[in-house]
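There are 2 protein chains.
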Amino acid sequence: MTASDLQTVAIELADRSYHIAIRGSLLDNPLSYAQLPKSAAALIVTNTTVGPLYAPQLEKALAAHYGKVFTVVLPDGEAFKTWESLNLIFDALLRHGCDRKTTLFALGGGVVGDMTGFAAASYMRGVPFVQVPTTLLAQVDSSVGGKTAINHPLGKNMIGAFYQPLKVVCDLDTLKSLPQRELSAGLAEVIKYGPIADMDFLAWLEGNLEAVLAREPVALAHIVKRSCEIKAWVVGQDERESGLRAILNFGHTFGHAIEAGLGFGAWLHGEAVGCGMVMAAQLSARLGLVDAFFVHRLSTLITKAGLPVRAPRLSETDNAGRYLELMRVDKKSEAGEIKFVLIDKPGSACVRSAPDAVVRQVIDACCA
Amino acid sequence: MTASDLQTVAIELADRSYHIAIRGSLLDNPLSYAQLPKSAAALIVTNTTVGPLYAPQLEKALAAHYGKVFTVVLPDGEAFKTWESLNLIFDALLRHGCDRKTTLFALGGGVVGDMTGFAAASYMRGVPFVQVPTTLLAQVDSSVGGKTAINHPLGKNMIGAFYQPLKVVCDLDTLKSLPQRELSAGLAEVIKYGPIADMDFLAWLEGNLEAVLAREPVALAHIVKRSCEIKAWVVGQDERESGLRAILNFGHTFGHAIEAGLGFGAWLHGEAVGCGMVMAAQLSARLGLVDAFFVHRLSTLITKAGLPVRAPRLSETDNAGRYLELMRVDKKSEAGEIKFVLIDKPGSACVRSAPDAVVRQVIDACCA
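If you read the sequences in order, they're chains F and L. Counting from 1, one number per residue, gives the positions in the first sequence under UniProt numbering. Counting from 1, one number per residue, gives the positions in the second sequence under UniProt numbering.
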């Protein structure tokens with residue numbers, strides 16, 4: 001594999017199947033969009049950070065294909081993943097008289113992708129959309145699999161839809177402009193695929209993390225492609241998360257509690273997931289599923305990726321109780337019982353509950 | 001058929017298939033819900049008008065089946081079919097810690113059904129829901145077919161989802177408490193099925209309208225069942241409105257313009273559709289598709305049903321222009337061209353555009 005090869009990953013979902021294209025110099029290339037259905041208008045949704053960097057190039061590349069190309073710029077950050085921001089997209093669509101064939105383009109990270117996807121799912125009960133993810137996190141996770149959502153003050157991603165894009169265009173060049181903290185946050189979701197599905201990939205990451213952090217094109221292409229392949233394999237078997245798909249949430253139950261408890265946006269999503277994976281691995285160990293060496297190995301890799309492994313305190317009076325309270329609102333919970341994604345052996349995950357007392361021990365140990 | 005027979009209509013949509021049950025004494029009967037999947041909690045969504053009449057009975061009937069039954073009461077009326085009302089449902093779900101197996105029950109008319117359906121489609125990316133429509137309009141139209149939505153200040157039903165209920169329970173006894181104006185509004189959608197699909201049904205209505213207006217149980221059972229059958233036939237062929245299904249919008253293009261132009265809630269939806277059908281029939285006649293006798297026959301039946309057939313003026317300066325402007329926002333529009341549902345011969349409908357000049361003539365004639 002060289003950096004100039006176009007990599008593609010197929011997501012097989014019957015009449016909702018699509019392809020992920022991975023390479024540099026894709027975003028500004030009209031050929032990236034040439035096979036999409038024609039329509040009178042396209043709307044690019046981006047944010048105040050990414051828009052100035054890439055929106056003009058995308059507008060130009062789309063101009064050949066659509067009669068009119070509009071752009072709406074949202075405020076940047078998880079804190080703005082709200083109904084108010086979503087409504088800015090609806091306002092733009094209606095103000096421009098966009099019909100139900102209008103194609104939406106999500107240009108940005110996971111927040112832009114999730115909101116654009118939900119807007120596309122809901123506008124006139126569904127219009128087509130394309131993901132153009134510009135962060136590592138979005139390229140390896142949120143742009144694949146069709147989960148779209150906004151946050152509610154009482155819970156993250158509580159309002160949304162399963163809705164698949166027509167195509168995902170991962171331009172690796174956009175990762176060059178990514179702040180180091182965002183690159184690290186994206187690596188949390190990359191590392192995740194090791195313990196839940198592919199220990200060879202984990203070993204590869206241990207051996208090549210420096211090349212990844214130095215953003216060597218071949219290393220980036222490999223982690224994006226392998227992550228998308230594993231996610232595609234899981235999502236292809238369970239599109240609507242009735243079973244297997246939940247393993248993709250490894251680290252997310254604790255992670256969501258951290259995000260909600262600190263206020264969305266204080267920690268990046270990937271930072272919370274990185275720390276959450278260490279907590280979930282420790283819980284797996286305390287339940288006798290994996291050994292201490294596995295936890296140490298994962299924790300070391302997460303630390304080297306530039307991510308926190310020590311959990312924040314969420315309450316001065318009953319810290320573990322606050323974690324438990326926040327985790328009960330998780331979408332995987334059933335009848336108030338928290339479902340954790342645990343590692344039952346390295347490279348394999350399961351979903352199960354755990355005694356509150358053991359969960360408290362893990363929280364106390366990780367917050368110490 | 002007697003009034004005590006349970007009527008059922010099957011909606012065949014692969015793994016989203018469901019049944020409509022039609023009879024009196026269904027709402028308060030636990031057997032109506034006995035075959036639904038069990039879950040820890042159910043949430044009844046109703047409004048300030050219907051809630052006091054029927055919510056206690058429904059709560060009691062559901063108590064045997066669900067661990068907890070909660071009720072949320074929304075303000076009544078099309079003017080409240082907004083994000084703010086929708087959010088009251090999400091608030092209730094999250095406040096009660098409802099999980100993704102929680103079943104939502106829509107108890108009320110079309111507005112409650114549309115909002116509850118969209119809340120069910122979106123909460124945690126989809127929870128099950130059941131329609132318990134208490135108006136004629138909802139029983140014959142909005143509870144069947146899976147269209148859910150809220151309004152946007154710039155357009156009606158602009159934000160929503162296609163999402164099917166687990167079951168529809170049409171309790172004919174609820175129609176006894178319906179104000180006469182609401183009964184008439186519901187009849188607009190009943191009459192609609194004649195010109196687009198079944199002229200025998202139109203003839204039956206002409207001969208039995210008095211029995212319907214007197215709310216004779218056998219007459220009500222017949223119109224609800226026949227309307228649902230025709231709608232089921234259409235929706236079964238085109239769930240997501242890529243073609244045929246659009247004929248169900250006969251009268252709705254002009255009707256939506258009336259509703260939007262007067263402000264949502266000034267005219268009832270069915271009143272706007274009744275008048276809109278006369279306008280669409282006149283447009284069909286001016287385009288040479290049907291004769292004046294057909295227009296007269298339809299207009300007479302609509303008048304006898306207690307519905308307006310004269311259109312309101314929406315602008316003092318350019319009335320027809322205002323109609324055209326509002327109709328261009330319609331979801332059926334493509335690239336700014338208005339698509340009308342027209343009658344190409346009695347009992348058959350088509351979707352096509354029409355010259356602005358002819359549409360203006362129709363508006364001028366109907367507003368005169």
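By construction, the Cβ of each residue, glycine as well, lies at the ideal position given by its N, Cα and C atoms.
Chain-ordered chain F contacts of residue i [CB-CB under 8 Å]
i      : result
Y54(L) : Result: empty, since nearest Cβ-Cβ is about 27 Å, beyond 8 Å.
Identity of the residues DSSP links to residue i by a beta bridge
i       : result
Y66(L)  : S39(L)
E337(L) : E334(L)
N47(F)  : L74(F)
I11(F)  : Y18(F)
F162(L) : K147(L)
V130(L) : F105(L) and K167(L)
G155(L) : H152(L)
C350(F) : L342(F)
Y123(F) : I159(L)
R245(F) : DSSP output for R245(F) lists no bridge partner at all.
R322(L) : For R322(L), which the question treats as bridged, DSSP gives no partner whatsoever.
R23(F)  : D171(F)
Closer than 9 Å to chain L by CB, residue i
i       : result
E259(F) : no
L62(F)  : no
W83(F)  : yes
N87(F)  : yes
Candidates the options: closest to residue i by CA position
i       : options                               : result
P355(L) : S284(L), L187(L), D173(L) and T303(L) : S284(L)
R286(L) : H256(L), D364(L) and D330(L)          : D364(L)
A335(L) : A40(F), H19(F) and A14(F)             : A40(F)
V132(F) : R125(F), T116(F), G207(F) and S122(F) : T116(F)
E216(F) : E12(F), L183(F), E259(F) and A281(F)  : L183(F)
A368(L) : N319(L), V72(L), A357(L) and A246(L)  : N319(L)
H96(F)  : K192(L), L154(L), E78(L) and G67(L)   : L154(L)
A42(L)  : D28(L), L326(L), P52(L) and A63(L)    : A63(L)
G255(F) : K38(F), R226(F) and P308(F)           : P308(F)
A106(F) : V72(F), V359(F) and E210(F)           : V72(F)
G265(L) : E210(L), D76(L) and L36(L)            : D76(L)
C338(L) : V218(L), E189(L), L268(L) and V358(L) : With the sequence shown as reference, residue 338(L) is identified as Ile, and Cys is not the correct amino acid for it. When each option's Cα is compared against that of I338(L), the closest is V358(L).
A349(L) : D198(L), E229(L) and A311(L)          : D198(L)
A203(F) : V234(F), L298(F) and L314(F)          : L298(F)
L36(F)  : A280(F), P312(F) and K101(F)          : K101(F)
Min CB distance residue i to chain F below 9 Å
i       : result
A121(L) : yes
D114(L) : no
M327(L) : no
E334(L) : yes
G155(L) : yes
R240(L) : yes
Cβ-based burial, residue i [other Cβ within 10 Å; buried from 16]
i              : result
G288(L)        : exposed
H296(F)        : exposed
residue 379(F) : Lying before the first or after the last residue shown, residue 379(F) is absent from chain F, which here runs from 1 to 368.
L137(L)        : buried
G207(F)        : exposed
V341(F)        : buried
L26(F)         : buried
D141(F)        : buried
E316(F)        : exposed
R245(L)        : buried
P30(F)         : exposed
Within chain L, partners of residue i - CB distance below 8 Å
i       : result
R16(F)  : Per Cβ cutoff of 8 Å: no residues; R16(F) is ~12 Å from chain L at best.
G255(F) : Result: empty, since nearest Cβ-Cβ is about 17 Å, beyond 8 Å.
Neighbour list for residue i in chain L, Cβ cutoff strictly below 7 Å
i       : result
H152(F) : F90 and L94
Chain-ordered chain L contacts of residue i [CB-CB under 9 Å]
i       : result
K147(F) : R125
K331(F) : D99, R100, M124 and R125
F162(F) : R125 and G126
Chain F residues whose Cβ lies nearer than 7 Å to that of residue i
i       : result
I159(L) : F90, S122 and Y123
A40(L)  : A335
Neighbour flag for residue i against chain A, beta carbons, 9 Å
i      : result
G67(F) : In summary, chain A is missing from the structure at hand, where the protein chains are F and L.
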